[in-house]
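Below is one structure; the comments refer to it alone.
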Amino acid sequence: MFDVTTTSSTGCRVAIITSRTSDGKACVLANYRGMGQREANAAYEFLVPKTADENPHVWKVAQCSVAAPFFFRSKSLPGFGALQDGGVRANNPLAIALKESVVIWPSAKTHDLLLSVGTGSFSSLAKPIEGASRILQDSAIPRMIRATMSSPCMDGEQGFHEALNFVPDVERSNIFRLNHELPEPLPRLDDVSKLEGMSKMHFTVPTELVRTILATAFFFFELDELPIKSQGVFFCKGSVLCSRSYSRDLVKLVMVEFPGARFEMARGQRLGDIDDDDGCRVCGYYRKKVGFSINGLHEMTSIGIAGSSFFQRIGGFPKSVQELLDDQQANSHFGRADHLVTSWPPKRNCYCSPRVKRHIKFLEPALRHKKRRL
Numbered sequence: 066m067f068d069v070t071t072t073s074s075t076g077c078r079v080a081i082i083t084s085r086t087s088d089g090k091a092c093v094l095a096n097y098r099g100m101g102q103r104e105a106n107a108a109y110e111f112l113v114p115k116t117a118d119e120n121p122h123v124w125k126v127a128q129c130s131v132a133a134p135f136f137f138r139s140k141s142l143p144g145f146g147a148l149q150d151g152g153v154r155a156n157n158p159l160a161i162a163l164k165e166s167v168v169i170w171p172s173a174k175t176h177d178l179l180l181s182v183g184t185g186s187f188s189s190l191a192k193p194i195e196g197a198s199r200i201l202q203d204s205a206i207p208r209m210i211r212a213t214m215s216s217p218c219m220d221g222e223q224g225f226h227e228a229l230n231f232v233p234d235v236e237r238s239n240i241f242r243l244n245h246e247l248p249e250p251l252p253r254l255d256d257v258s259k260l261e262g263m264s265k266m267h268f269t270v271p272t273e274l275v276r277t278i279l280a281t282a283f284f285f286f287e288l289d290e291l292p293i294k295s296q297g298v299f300f301c302k303g304s305v306l307c308s309r310s311y312s313r314d315l316v317k318l319v320m321v322e323f324p325g326a327r328f329e330m331a332r333g334q335r336l337g338d339i340d341d342d343d344g345c346r347v348c349g350y351y352r353k354k355v356g357f358s359i360n361g362l363h364e365m366t367s368i369g370i371a372g373s374s375f376f377q378r379i380g381g382f383p384k385s386v387q388e389l390l391d392d393q394q395a396n397s398h399f400g401r402a403d404h405l406v407t408s409w410p411p412k413r414n415c416y417c418s419p420r421v422k423r424h425i426k427f428l429e430p431a432l433r434h435k436k437r438r439l
């Protein structure tokens with residue numbers, strides 16, 4: 066679970082939800098630890114291997130996660146005991162994902178994008194039953210079964226709306242639920258005869274979701290220098306960057322989904338067209354140098370992709386300039402806590418090797434001290 070063959074600058078955190086067979090408590094097995102703290106009495110338990118023998122393979126954890134009662138046997142993992150399908154306790158782990166995101170990124174005030182994917186739903190109205198059948202239906206065991214099957218623990222749709230109740234309204238704009246309404250009741254888990262028909266069902270992804278993914282998942286902003294105060298306002302210079310090396314393809318997609326797209330402040334200050342950047346044409350490094358003014362360092366602001374009738378925030382916003390400075394550890398005079406580059410302003414280097422001729426439009430400031438040749 067923790068063996069990674071390749072890494073990237075952005076990284077990929079994976080968490081698999083299971084539940085214990087002994088008490089039914091939801092358990093999380095993940096390829097990360099996180100920087101924040103988890104509550105000791107949380108509604109779920111984060112399982113941490115203590116030895117190399119307790120480091121399970123991903124496919125073994127996946128077997129535990131899908132070991133639904135009555136269909137598959139539970140699986141036992143060394144150090145953790147018998148585990149089963151996490152869906153019997155957290156069919157929609159939205160609440161767990163919200164909590165874990167705080168543990169992974171404790172400095173982030175909110176998420177950029179949260180996507181919940183369902184496996185189909187069917188809505189049916191309960192029909193009143195009279196006579197002897199009603200007496201049987203209203204007995205204890207049938208009522209308990211109906212309540213359990215429609216509870217947030219077992220019903221993914223109910224689990225999603227239950228978790229959504231604890232999310233502030235201002236943070237719901239970037240939360241999406243993808244699910245397909247089926248014309249008939251959901252088939253059994255082992256009914257493979259339904260797969261072909263379900264695969265042919267027409268399904269579309271909302272345009273709003275596509276635009277949100279393009280803006281928040283790939284583009285972010287960093288300051289290039291400290292803000293300069295003049296005549297009561299702060300002038301800021303920075304760069305909109307792309308988290309992927311195939312930025313040229315992403316820019317083309319953005320121009321299709323956002324006709325006439327440009328970077329813009331939330332209050333309307335234009336920062337320039339997206340396809341007119343200052344990056345490298347050889348390796349695909351994307352950089353858009355921008356400048357804007359604010360009234361104060363603690364003033365909340367946003368940068369987004371805008372057009373004549375739309376505005377979508379890029380990743381990390383809304384945020385104040387002071388928070389940007391803190392995130393970039395601009396005032397760490399004695400070195401950064403993560404031991405990364407300590408120089409300020411940050412260097413903007415493309416992905417090209419030193420021997421490759423770079424086709425870039427920007428020039429970096431010269432080094433303060435030249436290294437003596439040995």
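According to this note's numbering, the residues represented by the sequence shown are 66 to 439, in order. No residue lacks a Cβ here, since even glycine has one placed at the ideal position from N, Cα and C. Computed from a prediction, not measured in an experiment: that's the story for all the values here.
Within 8 Å, strictly: CB atoms of residue 80 and residue 95: Cβ atoms of residue 80 and residue 95: closer than 8 Å.
Uninterrupted alpha helix (DSSP H) stretches inside the stretch 338 to 400 (no shorter than 4 residues): 386 to 392
Is residue 353 near residue 386, with beta carbons less than 8 Å apart? no
Residue ranges of each alpha helix (DSSP H) run of no fewer than 4 residues wholly in the stretch 93 to 143, ordered along the chain? 123 to 130
Nearest to residue 336 by CA position, among 301, 348 and 363, is which residue? Closest by C-alpha distance to residue 336, out of 301, 348 and 363, is 301.
Just verifying my parser: in three-state terms, what is the DSSP assignment at residue 326? coil
Could you tell me which of 162, 139 and 262 sits nearest to residue 110, measuring between CA atoms? Taking each of 162, 139 and 262 in turn and checking the Cα distance to residue 110, the smallest one comes out for 162.
What does the Cβ neighbour count give for residue 106, buried or exposed, with the cut at 16 atoms within 10 Å? exposed
For the beta strand (DSSP E) containing residue 181, name the first residue and the last one. 179 to 182
Under 8 Å, do residue 351 and residue 344 count as touching if we go by C-beta distance? At the C-beta level, residue 351 and residue 344 come within 8 Å of one another.
Residue of 319, 297 and 174 minimising C-alpha distance to residue 101: 174
Taking three-plus beta-carbon pairs below 8 Å as touching, is the stretch 118 to 134 in contact with the stretch 232 to 247? no
Would you please state the rounded distance, in angstroms, between the beta carbons of residue 215 and residue 151? I believe it to be under 8 Å. 18 Å between Cβ atoms; not a contact.
So residue 281 and residue 239 are in contact, right, with Cβ under 8 Å, and what is the actual spacing, rounded? Contact between residue 281 and residue 239 holds: their C-beta atoms lie close to 7 Å from each other, under 8 Å.
Under the three-state reduction of DSSP, which class applies to residue 277: helix, strand or coil? helix
Please report the Cβ distance between residue 417 and residue 347, rounded to the nearest whole angstrom; I am assuming they are in contact, meaning their Cβ atoms lie under 8 Å. With a beta-carbon spacing of about 6 Å, residue 417 and residue 347 fall inside the 8 Å limit used to define contacts.
Just how far apart, CA to CA, sit residue 203 and residue 274? Residue 203 and residue 274: Cα-Cα distance of roughly 43 Å.
What first and last residue would you give for the beta strand (DSSP E) that runs through residue 147? Residue 147 -> beta strand (DSSP E) spans 146 to 150.
Residue 140 to residue 113, Cα distance in whole Å? 17 Å
Kindly indicate the opening and closing residues of the beta strand (DSSP E) around residue 487. No answer is possible for residue 487: the residues shown for the chain start at 66 and end at 439.
If you reduce the DSSP assignment to three classes, tell me which class residue 153 lands in. helix
Can you give me the Cβ contacts of residue 103 inside the same chain, cut-off strictly under 7 Å, excluding the 5 residues immediately before and after it? 111 and 168
Does DSSP put residue 287 in a helix, a strand or coil? strand
Beta carbon proximity, residue 297 to chain C, threshold 8 Å: The question asks about chain C, but that chain is absent: this structure has only one protein chain.
Three Cβ pairs or more, each shorter than 8 Å: is that satisfied between the stretch 252 to 271 and the stretch 376 to 386? no
Going by C-alpha distance, which of 180, 142 and 124 is nearest residue 160? 180
Over the uninterrupted beta strand (DSSP E) stretch that includes residue 304, give me the two end residues. Per DSSP, the continuous beta strand (DSSP E) segment holding residue 304 begins and ends at 298 to 307.
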